[in-house]
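**Student:**
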Amino acid sequence: MGTFTAKLVEIDLSTGKIAALITPDHWSRDFIGGRGLGARMLWERQPRGVDPLGPEAEMYILAGPLTGIVPGGAQICLVFKSPLTQNTIGYSLTGANWGTELRSAGWDGLILKGSAPTPVYLLIKNDRVELRDAGHLWGRTTFETEKILKEEIKDPFARVLSIGPAGENLVRFASVQQESFRSAARGGTGCVWGAKGLKAIIVRGTGPIPVNRPEEAFLARRKIERALIESRTTVRRAYDLVRWGGSITHLPHSDEEDLDVRNYQEGTWEEIDKVGGLAYELRCRAKTRGCFGCPVSCMPLGVIREGTFSGKIVCPDLDSTSTIGPGCLVNDLESMVYLSRWGDEQGIDTTSLGNVTGFAMECYEKGLLTLSDLDGIDLKWGSVPAMLALWQKIVRREGIGDLLAQGVRNAAKVIGGGAGSFAMHVKGLEFAGFTPKAHRERGLEYAVADRGAAHHFGSKTSHLYQRTWADCLTVCTWQRRMITPEMYIDLLHPVTGWDIGQDEWPVVAERILLTARSYNIREGTVPLRDDVLPERVHHEPMTKGKQAGAVYPKEQFVADRLAWYQERGCDAAGIPTAERLRALGLDFVIPDMEAARSPALRN
Numbered sequence: 007m008g009t010f011t012a013k014l015v016e017i018d019l020s021t022g023k024i025a026a027l028i029t030p031d032h033w034s035r036d037f038i039g040g041r042g043l044g045a046r047m048l049w050e051r052q053p054r055g056v057d058p059l060g061p062e063a064e065m066y067i068l069a070g071p072l073t074g075i076v077p078g079g080a081q082i083c084l085v086f087k088s089p090l091t092q093n094t095i096g097y098s099l100t101g102a103n104w105g106t107e108l109r110s111a112g113w114d115g116l117i118l119k120g121s122a123p124t125p126v127y128l129l130i131k132n133d134r135v136e137l138r139d140a141g142h143l144w145g146r147t148t149f150e151t152e153k154i155l156k157e158e159i160k161d162p163f164a165r166v167l168s169i170g171p172a173g174e175n176l177v178r179f180a181s182v183q184q185e186s187f188r189s190a191a192r193g194g195t196g197c198v199w200g201a202k203g204l205k206a207i208i209v210r211g212t213g214p215i216p217v218n219r220p221e222e223a224f225l226a227r228r229k230i231e232r233a234l235i236e237s238r239t240t241v242r243r244a245y246d247l248v249r250w251g252g253s254i255t256h257l258p259h260s261d262e263e264d265l266d267v268r269n270y271q272e273g274t275w276e277e278i279d280k281v282g283g284l285a286y287e288l289r290c291r292a293k294t295r296g297c298f299g300c301p302v303s304c305m306p307l308g309v310i311r312e313g314t315f316s317g318k319i320v321c322p323d324l325d326s327t328s329t330i331g332p333g334c335l336v337n338d339l340e341s342m343v344y345l346s347r348w349g350d351e352q353g354i355d356t357t358s359l360g361n362v363t364g365f366a367m368e369c370y371e372k373g374l375l376t377l378s379d380l381d382g383i384d385l386k387w388g389s390v391p392a393m394l395a396l397w398q399k400i401v402r403r404e405g406i407g408d409l410l411a412q413g414v415r416n417a418a419k420v421i422g423g424g425a426g427s428f429a430m431h432v433k434g435l436e437f438a439g440f441t442p443k444a445h446r447e448r449g450l451e452y453a454v455a456d457r458g459a460a461h462h463f464g465s466k467t468s469h470l471y472q473r474t475w476a477d478c479l480t481v482c483t484w485q486r487r488m489i490t491p492e493m494y495i496d497l498l499h500p501v502t503g504w505d506i507g508q509d510e511w512p513v514v515a516e517r518i519l520l521t522a523r524s525y526n527i528r529e530g531t532v533p534l535r536d537d538v539l540p541e542r543v544h545h546e547p548m549t550k551g552k553q554a555g556a557v558y559p560k561e562q563f564v565a566d567r568l569a570w571y572q573e574r575g576c577d578a579a580g581i582p583t584a585e586r587l588r589a590l591g592l593d594f595v596i597p598d599m600e601a602a603r604s605p606a607l608r609n
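When the letters of the sequence shown are read in order and numbered with the numbering used here, they come out as residues 7 to 609.
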């Protein structure tokens, strides 16, 4: 038997009861950990049709077997039913050090259930797990909460996950934050915590992480570490990440014409040099930080040195600054990176926030939202004061902010007037900062992704598998260009004692993918209705750059989607076939999929 058996602690926030449990061995072996194990647990433990914000809803915070062992393998995956999409799986990963600390405390994950009658936070010190009052923290930003809790338990080395005011007020795309700028954001993680009355989880671990065959694991780990160190100067992506972090990729994405510009109307921007990685390096960057044990260190910490926001420490992320910057036509670097910081402080998914803002700006420009609707905010493209005023309303759920806090899909339904055609989402989750008009693989990825328009899913089979494996091992998805899957397998064997061969990994990936797809269908997702793209992608050509005139023709998209369904073992309606499910060992979902195959439910 391997050492990774998913030792979890279950916290019932309604009753305060805390209990340890271990998942069945075959769950860990078949679904690995992280996103995969979470999908299996959602299917088994969550009642059909559960309210994502109700006390019966559960969230799983899960490490993987390599968390805290492999360099950069510090990620944890939060798995839940999304309050933003309402009927799909939600999952989001965050790196830094929290996951390593949890495993050092002797745990592989947490189960959060119920809803606390008053705000609480969770303290974990090795095998000591307790709930504490968080009344004094409610209303605090994530930055403030982390500082207060470390002082309160008198341990600067403890690690904190927390929500901010956005989560407390149930903004549907609220995030969970750690170390100020590290987010588990997509799909509404912080909203789920807010509904449960959970402000924070602080963890401190001092024990070893179990390894089945330590000497063999050490050699495999050292091979990965050396490859990462060498990649800093031999692999272009690694060099870029070391020097600039994700912010550098604004410029190449603009050159490739798939950047979010003006709410995805265009893919390239003539002012991108003002807010790209080179500008950040010259005007803000101070140092880089990395996740636990990672020599690449891709977090570009900086400080704003001039202007209105002078003195603020920042750490911009590509996806969020794409939707906040080019997406809203903010052409001032200092303002753009401050806006990203502001979202992190408030505990909000800044990728979705930028989308919501660009959508509202376009509604205002088209006359679908008036000055009166916006409570006097003159929401013109690129206006930073207007954006901050609007964001305050979103976080507080005041006025127009109450509507926009529900995401672009729900806002478009209320606003009407054709707003749905440029509400850039799939299944309710906003686009991830890239337009698919000229990059059809990206569009297909958005459409078929199980949690909505996320770009860390993959459409090509090779990318799809690699990202699924990464999310289950809970290792960095960016490392796929520096580390081969074989190197991870060589480490996984001595760490866990499992005998998973290289030829079995595609089966593991497909098992996880179809479990999540089946869960969505069980919860009411209809693939032919929901695996779709906004009309803008099909019918509004870009007008600038070499790709001017580009769209993703609907007939081509439908053909591509059908081919993807067939490759996954789904029927023409996007529902997994019984034959494919049986081959993957997913017999337990077959009855629900056969029921969903009714013609009345297909569209």
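No residue lacks a Cβ here, since even glycine has one placed at the ideal position from N, Cα and C.
1) Using a Cβ-Cβ cut-off of 8 angstroms (strictly less than) and excluding sequence neighbours within five positions of R109, which residues of its own chain qualify?
2) On the DSSP letters alone, give me the boundaries of the beta strand (DSSP E) that V543 sits inside.
3) For the alpha helix (DSSP H) that contains N522, what are its first and last residues?
4) Take the Cβ of H32 as the centre, count every other Cβ of all protein chains shown within 10 Å, and call the residue buried at 16 or more, exposed below.
5) Which term fits Q81, buried or exposed, when burial requires 16 or more other beta carbons within 10 angstroms of its beta carbon?
6) Kindly indicate the opening and closing residues of the alpha helix (DSSP H) around G580.
7) List, from N- to C-terminal side, the beta strand (DSSP E) runs of 3 residues or more that fit wholly inside the region 311–359.
8) For M65, name the three-state secondary structure that DSSP assigns.
9) Quick check: what's the CA-CA separation for I400 versus L284?
10) On the CB-based measure, 16 or more other CB atoms within 10 Å of its CB, does E221 come out buried or exposed?
11) According to DSSP, is P306 helix, strand or coil?
12) Kindly indicate which three-state DSSP category F440 falls into: helix, strand or coil?
13) Which of the three DSSP states, helix, strand or coil, is assigned to Y370?
14) Leaving aside the five residues before and after Y270 along the sequence, list all residues of the same chain whose C-beta is less than 7 angstroms from its C-beta, in chain order.
15) How should G422 be labelled, buried or exposed, when 16 other C-beta atoms within 10 angstroms of its C-beta is the threshold for buried?
16) Given a threshold of 16 other Cβ atoms within 10 Å of its Cβ, counted over all protein chains shown, does K466 qualify as buried or as exposed?
17) For G501, report the span of its alpha helix (DSSP H) as first-last.
18) For L590, count the other beta carbons within 10 Å of its own beta carbon; 16 or more makes it buried, fewer makes it exposed. Which is it?
19) Give me, in chain order, the residues of the same chain whose beta-carbon lies closer than 8 angstroms to that of D161; leave out the 5 immediate sequence neighbours on both sides.
20) Reducing DSSP to helix, strand and coil, say where I230 ends up.
21) Is it buried or exposed, D593, if we count other Cβ atoms within 10 angstroms and call 16 or more buried?
22) Closest by CA to S604, which one among E447, K280, T583?
23) To the nearest angstrom, report how far apart L534 and S260 are at their CA atoms.
24) Taking DSSP's pairing of strands, which residues face R295 in a bridge?
25) Quick one: which unbroken alpha helix (DSSP H) runs of 4-plus residues sit fully inside the region 108–188? Chain order, please.
26) What three-state label does DSSP hand I383 in the structure shown?
27) Suppose you measure from the CA of R329 to the CA of L359; what does that come to, to the nearest Å?
28) I'd like to check one pair, R523 with G96: are the Cβ atoms closer than 8 angstroms?
29) Look at the alpha carbon of L396 and the alpha carbon of K419, and state the distance between them as a whole number of angstroms.
30) Assuming contact is defined by CB atoms lying nearer than 8 angstroms, are G353 and G196 in contact in what I supplied?
31) Rounded to a whole number of angstroms, what is the C-alpha to C-alpha distance between V296 and A578?
32) Between the region 36–46 and the region 463–480, can you find at least three pairs of beta-carbon atoms closer than 8 angstroms?
33) Answer yes or no: do G434 and L539 have a C-beta to C-beta separation smaller than 8 angstroms?
34) With distances taken between CB atoms, is the gap from S168 to K205 smaller than 8 angstroms?
35) Take A63 as the anchor and find which of D323, P491, W199, F179 has the nearest alpha-carbon.
36) Assuming L497 and I230 make a contact with CB atoms under 8 angstroms, what is their CB distance in whole Å?
**Tutor:** Quick look at the numbers:
1) A69, T73, G74, G211, I215
2) That residue, V543, is in no beta strand (DSSP E); its alpha helix (DSSP H) goes 541–545.
3) The sequence as given places Ala at residue 522; Asn does not occur at that position. Looking at the DSSP string, the run of the alpha helix (DSSP H) that includes A522 is 511–528.
4) exposed
5) buried
6) Counting along the chain, G580 falls outside any alpha helix (DSSP H), and DSSP gives it neither H nor E.
7) Within the region 311–359, no complete beta strand (DSSP E) run reaches 3 residues.
8) strand
9) 32 angstroms
10) exposed
11) strand
12) strand
13) helix
14) The beta carbon of Y270 lies closer than 7 angstroms to those of M430, F437, T441, R542 in the same chain, with the five residues before and after it left out.
15) exposed
16) Result: exposed.
17) Sequence inspection shows Val at residue 501; the Gly mentioned does not correspond to that position. First-last of the alpha helix (DSSP H) with V501: 491–502.
18) buried
19) R210
20) Collapsing the DSSP output to three states places I230 in a helix.
21) exposed
22) T583
23) 32 angstroms
24) M305
25) 148–158, 171–174
26) In the three-state reduction of the DSSP assignment, I383 falls in the coil class.
27) Before going further, note that residue 329 is Thr rather than Arg in the sequence given. Rounded to the nearest angstrom, the two C-alpha atoms are 8 angstroms apart.
28) no
29) 20 angstroms
30) yes
31) Note that residue 296 corresponds to Gly in the displayed sequence, not to Val. G296 and A578: Cα-Cα distance of roughly 44 angstroms.
32) yes
33) no
34) In this structure, K205 lies closer than 8 angstroms to S168 by Cβ.
35) Here the closest residue by C-alpha is W199.
36) 7 angstroms
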